[in-house]
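Using my numbering, read the first sequence as starting at 956 and increasing by one per residue.
Just so you know, even glycine gets a beta-carbon here, dropped at the ideal spot from N, CA and C.
These figures come from a predicted structure and were not determined experimentally.
Encoded as structure tokens, the structure appears first; notes follow it.
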Amino acid sequence: MSSLHIYNSLTRNKDLFEPLMPGVVSMYVCGPTVYGHSHLGHAKSYVSFDVVVRWLRHLGFKVRYVQNITDVGHLTDDADEGEDKIQRQASKEMVDPMEIAQAYTRSYFEDMDRLGVLRPNIAPTATGHIPEQIAIIERLIDKGHAYESNGNIYFSVESFPGYGKLSGRTDQAAVQSGGRVEQRSDKRSPSDFALWKRAEPGHIMKWPSPWGVGYPGWHVECSAMAMKYLGETIDIHGGGMENKFPHHDCEIAQAEAATGKPFVRFWMHNNMVTVDGVKMGKSLGNFITLKELFGTFDPMVIRFFILQSHYRSPLDFSNAAIKASQSGLEKLHETARRLLETRPGSGTLDVGSFVRKTEEALNDDFNTPVAISVIFEFAKALNGALDRNEGLSADAAAEAMAYLETFAGKVLGILRSREELEAGEAGDGGETLADVISVVLELRKDARARKDFAMSDAIRDLLLAKGIELKDTREGTTWTKKRG
RNA sequence: GGCGAAGUGGCCGAGUGGCUAGGCAGAGGUCUGCAAAACCUCGUACAGCGGUUCGAGUCCGCUCUUCGCCUCCA
């Protein structure tokens, strides 16, 4: 079997992955800022990293997966301008900021659960780790990497020579020349970023610190929580591409300036969801929330749609594209269902070659679209085998089902459970429905035996009108309940 | 202005120099009482212009276009 290679944003190369400690992987992914419902962009990010975790575990690694919740609002820039987004949403909804944070945290996990995203091992909140953040800031001040100015603490970018190496933005004069932020603050140098901000009157979320009452800067929370739970050097740090600069470059600077050790071994960045070619984002207002989307599409279809493109490629949203995914996924489930219901025969199928190809795809920087293409090739071969008179032997059928359950199911999370497949996707009340339909199918069978095809077709058409589709196969008649 | 990514058949979307990606939609066929499903066959795509090579969608250069980041953002 090939070995896992991961595209590392830091080296700009697909590097062979080996964890620092054999068998154990430490992984941190930037979580959401919880001031609104999650949208398709969040889904792409967290579904992608979910597959990363699932694949690492499949390979036998013990993964500790930490994903933070940013529940303290941050200003819209590193100068003293802008407003706190959580606080703004709180005044809009006339509730305490922490109510906003908690409500949207729940909303976030609800949506991720429905998408089949496994919960992180630890989901620490920024507000729960103020002392850890203060400790790092103190360390940075002691080492001369940070300074106080009017109750604000800033990181001195000049004091850290490698600043900007992740994004390639090492020339600070060039960075500032194109900037849109007005340079008017108490910073020593325009590129310096806030570690701690003094609370202005009216600011609600605030904590005491050695420098007075205030609140932490955005970048420091991730460094603090990652180091607390994963150590000073972690294996994998993931996040959205838009956070490469400044967020991740700042994280590197803080952490490495404080510890003197490399912070992250593998940086992974996922690409954006676009709408008509333009990034979907909260600030642009062109987003569609997952809760809206789930009204039209099964969450598993959304997950499948996301995994049909690579995590480092942008994914353009359109209803037509998701519909195409829906048809494809239904076809796959139909094949799996057929396999479960097949009667043992004597035929064989070379499952091993498909296993190898799928493993290769996932080992190649988690290439889910290629893995899915292999699964579809497998489905085709499987259907072909089931079409033949000799069918599949019990062993071959079991091996085929194991392949689907391992790769489509356990690793990619795009296969329904056996129970769901067997229930014909009937959903709630499935048992009653199945009983009723079996009676109707008996009657139709009688009609067909009498060659009363008018009656037989009428039954099929009437059921189809109610969303129940019948198929007459060699093994008898099967039915499926179609969604909306 | 700086840093970075990308332009693939009707649509979505892979592709790390040579052999079919895959899905959706479409056409023909097999099977079936019919239908559906399944299977078989079919489209001769790689923004443009040069270059390297026996051979390039895949490498190099230039041009055009699009997008992301440089402000909170997955």
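Mind pulling the alpha helix (DSSP H) runs of 4 or more residues that sit fully within the region 1240-1295? 1245-1251 and 1254-1262
Taking buried to mean at least 16 other C-beta atoms within 10 Å of its own C-beta, is Val-1007 buried or exposed? buried
Assuming Val-984 and Tyr-1059 are in contact, meaning their beta carbons sit under 8 angstroms apart, how far apart are those beta carbons, in whole angstroms? That pair is no contact at about 18 angstroms.
May I ask you to list the residues that DSSP assigns as paired with Gly-1071? DSSP output for Gly-1071 lists no bridge partner at all.
Applying the criterion that 16 or more other CB atoms from any shown protein chain within 10 Å of the CB defines a buried residue, is Asp-1305 buried or exposed? exposed
With 16 other Cβ atoms within 10 Å as the buried cut-off, status of Gly-1215: exposed
Let me make sure I understand the geometry here. Which of Arg-1012, Glu-1332 and Ala-1101 has the alpha-carbon closest to that of Asn-1318? Of the candidates Arg-1012, Glu-1332 and Ala-1101, Arg-1012 places its Cα closest to the Cα of Asn-1318.
Within this structure, are the beta carbons of Leu-1337 and Ala-1355 separated by less than 9 angstroms? yes
In the structure shown, what three-state DSSP assignment does Asp-1383 receive? Here the model assigns Asp-1383 a pLDDT of 49, short of 50, so the residue's position is not dependable, and the following value carries that caveat. DSSP places Asp-1383 in coil when its eight states are reduced to three.
Assign Met-1049 to buried or exposed, taking buried as 16 or more other Cβ atoms, counted over all protein chains shown, within 10 Å of its Cβ. exposed
Between Trp-1166 and Leu-965, which are expected to be in contact by the criterion C-beta below 8 angstroms, what is the C-beta distance as a whole number of angstroms? About 32 angstroms; that fails the 8 angstroms criterion.
Starting from Ser-1104, trace the beta strand (DSSP E) in both directions and tell me its first and last residue. 1101-1104
8 angstroms CB neighbourhood of Asp-1204 in its chain, flanking five on each side removed: Tyr-1118, Gly-1119, Lys-1120, Leu-1121, Ser-1122 and Arg-1124
Can you give, in chain order, each stretch of the beta strand (DSSP E) that sits fully within the region 1002-1026 and has at least 3 residues? 1017-1022
If you reduce the DSSP assignment to three classes, tell me which class Glu-1424 lands in. In this structure, Glu-1424 counts as strand in the three-state DSSP scheme.
Assign Lys-1040 to one of two classes, buried (16 or more other C-beta atoms within 10 Å of its C-beta) or exposed (fewer than that). buried
Give the straight-line distance between the Cα atoms of Ala-1101 and Leu-1248, rounded to the nearest whole angstrom. In this model, Ala-1101 and Leu-1248 are separated by some 45 angstroms (Cα to Cα).
With H, G and I counted as helix, E and B as strand and the rest as coil, what does DSSP make of Tyr-1109? strand
Cα separation between Asp-1253 and Phe-1242? 18 angstroms
Residues in the same chain with beta-carbon distance under 8 angstroms from Pro-1217, minus the five sequence neighbours each way, listed in chain order, please. Closer than 8 angstroms at the Cβ level, and outside the excluded window around Pro-1217, lie Thr-1188 and Glu-1211.
Of all the options Ser-1238, Arg-1061 and Lys-1183, which has the alpha carbon lying nearest to the alpha carbon of Ala-1090? Lys-1183
Cα-Cα, which of Ala-1316, Ala-1326 and Arg-1043 is closest to Ile-1159? Arg-1043
Let's see if you can read the secondary structure: which residues bound the alpha helix (DSSP H) around Leu-1359? Run containing Leu-1359: none; DSSP gives neither H nor E here.
Per-residue DSSP class, three states only, for Ala-1081: Per DSSP, reduced to three states, the secondary structure at Ala-1081 is coil, with no helix or strand assignment.
Distance between beta carbons of Trp-1173 and Ile-1108, contact taken as under 8 angstroms: The Cβ separation is near 13 angstroms, so there is no contact.
By DSSP's criteria, Ser-1301 is part of a beta bridge. Which residues make up the other side? None, per the DSSP bridge assignment.
Note down the Cα distance separating Asp-1383 from Thr-1435, rounded to an integer number of angstroms. Reliability fails at Asp-1383, whose pLDDT of 49 lies under 50, so the model's placement of it is uncertain and no value is given.
Rounded to whole angstroms, what is the Cα-Cα separation between Ser-1111 and Glu-1087? 20 angstroms
Exposed or buried, what is Val-1391 when buried is set at 16 or more other beta-carbons lying within 10 Å of its beta-carbon? exposed
From Ser-1280 to Ile-1330, what distance separates their C-alpha atoms? 14 angstroms
DSSP three-state assignment for Tyr-1170, whether helix, strand or coil: strand
What does the alpha-carbon distance come out to for the pair Ser-1282 and His-1288? 10 angstroms
What residues in its chain sit with their C-beta under 6 angstroms from that of Lys-1142, if we drop five residues either side in the sequence? Tyr-1109
Can you tell me where the beta strand (DSSP E) holding Ala-1149 begins and where it ends? 1148-1153
Are Val-1018 and Leu-1262 close, meaning C-beta to C-beta below 9 angstroms? no
In the structure shown, what three-state DSSP assignment does Ser-1178 receive? helix
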